[in-house]
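Residue numbers (this note's numbering): 5 to 367. No residue lacks a Cβ here, since even glycine has one placed at the ideal position from N, Cα and C. One structure below.
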C-alpha cells in the first residue's frame, strides 16, 4: 500500500475543486478577509501546480468562462463556497493538515493519498473477516481493488471521495462483525458529517435494519428511529448553517450551466428536462448496471441468509439513488463506495458458499 500511495502521490492532480476546498478552511481561519483569501488561493496553486493544470483550473487551457470568473472575481468565487463548505468533516481535516505545516494545496492533495493508504489497510481487514483462513487471498483482492481506476483516480484528485471511502470501508467492517448499535451510529454520524449527501445511505441502511428486525421479532427498534432523526437534524443543520443552495441549484450548475454568479441567475429547469437528461445518462450506465446485476445474482445464489440479501438490496439501491440525484454516469467515483459495499457483500456470500476457498482453487 505504501508503494501504491507513493505512486499516486507522484501522479496527483490539481483540479478545479481545489480552490473551493482551500477557500473553506481559509475562511474558517479568516472569515472577514474574502478578497485576501481569494487572491492567496490562486497565488498558492499557481506556485505549486504544473502550468497546464493551473491553466485548466482558471479556465484558460480548456476555455471555461465560468472558471475564469471564479479566478478573477471574489464574489463569484465566494458564492460557490457553500457547495464545498457543507463537507464539514472533510474541511476540518484539511484545516488540521494545514495547521501542522502543509501548504494549502498540499493539504488537499495529501489527504486523498493518506485516505487511500488507510482504505487499503481497512479493505484488507474487511476481506480478512470474509476469508479468515486465507490472508493471502485477502491481500491480493485488497491490492486488486486498490488498483482499480476509480480508486487510483480518487486518490489523485482534490475531492472528498477518497476520504469518505475509508469511512464506508470502516462501516463494512462494523457491518460484517456486527458491532453494537452505538458504534454503528458513530460511523454513520461521521459519514454524514463528512458528506451530508450520504444521508440517503444512512437512512436507507437504518430503514433496512428496521425492516429486518421487525420481520425477525415483530418489534420496532425505537433506537434506530431516534438515531435516524438525529442524523436528519444534523444534515438539515449543516445545510441551513452554510446556506446551501439546494439540490436543484446543484443539478443546474453541474449538468446544465455553471453559473458565474449564483445570486444573479435562478436555477430553472422542468421535470421533463430532468427526466430526459436522466434517461440519456442511463444509457451510459450500462457497465455499472451489468456489474450490479451480476453481483446480486451471485449473492442470491450463494446465500439464503435474509440479512445479507436485504442489505445487498440496500447497497444496490443506493447506487441508483445516487444516480437519480446526481447522474454523472461518466464518473464512476461518485458511485464506487456503494459498488464496493456490494462487492464486499458478494465476497461474503461467496465465502459462505465455499468456506474453504483457497488461492489455488481460484487459479
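Query	Result
For a test of the three-state rule: what should DSSP assign to residue 370, helix, strand or coil?	The structure shown does not extend to residue 370, since the chain spans only 5 to 367, so no value can be given for it.
Return the residue from the list 90, 85 and 24 that minimises the CA-CA distance to residue 243.	90
Is the beta carbon of residue 162 less than 8 angstroms from the beta carbon of residue 30?	no
Can you tell me where the alpha helix (DSSP H) with residue 53 in it begins and where it stops?	Note, residue 53: premise wrong, no alpha helix (DSSP H); not H, not E.
How should residue 37 be labelled, buried or exposed, when 16 other C-beta atoms within 10 angstroms of its C-beta is the threshold for buried?	exposed
Which of the three DSSP states, helix, strand or coil, is assigned to residue 67?	coil
Quick one: Cα of residue 344 to Cα of residue 237, how far?	28 angstroms
How is residue 287 classed by DSSP in three states: helix, strand or coil?	coil
So, for residue 285: in the same chain, excluding its five sequence neighbours on each side, which residues have a beta-carbon less than 6 angstroms away from its beta-carbon?	331 and 333
Pick helix, strand or coil for residue 316, following the three-state DSSP scheme.	helix
Please classify residue 275 as buried or exposed, where buried requires at least 16 neighbouring CB atoms within 10 angstroms.	exposed
Would residue 166 and residue 120 qualify as a contact pair, given that the criterion is a beta-carbon distance under 8 angstroms?	yes
In terms of alpha-carbon separation, which member of 155, 196, 212 and 199 lies closest to residue 179?	212
Let me confirm a value: residue 351 is counted as buried when at least 16 other C-beta atoms fall within 10 Å, else exposed. Which label applies?	buried
State the Cα-Cα distance for the pair residue 151 and residue 5, rounded to the nearest angstrom.	10 angstroms
Less than 8 angstroms separating the beta-carbons of residue 117 and residue 184?	no
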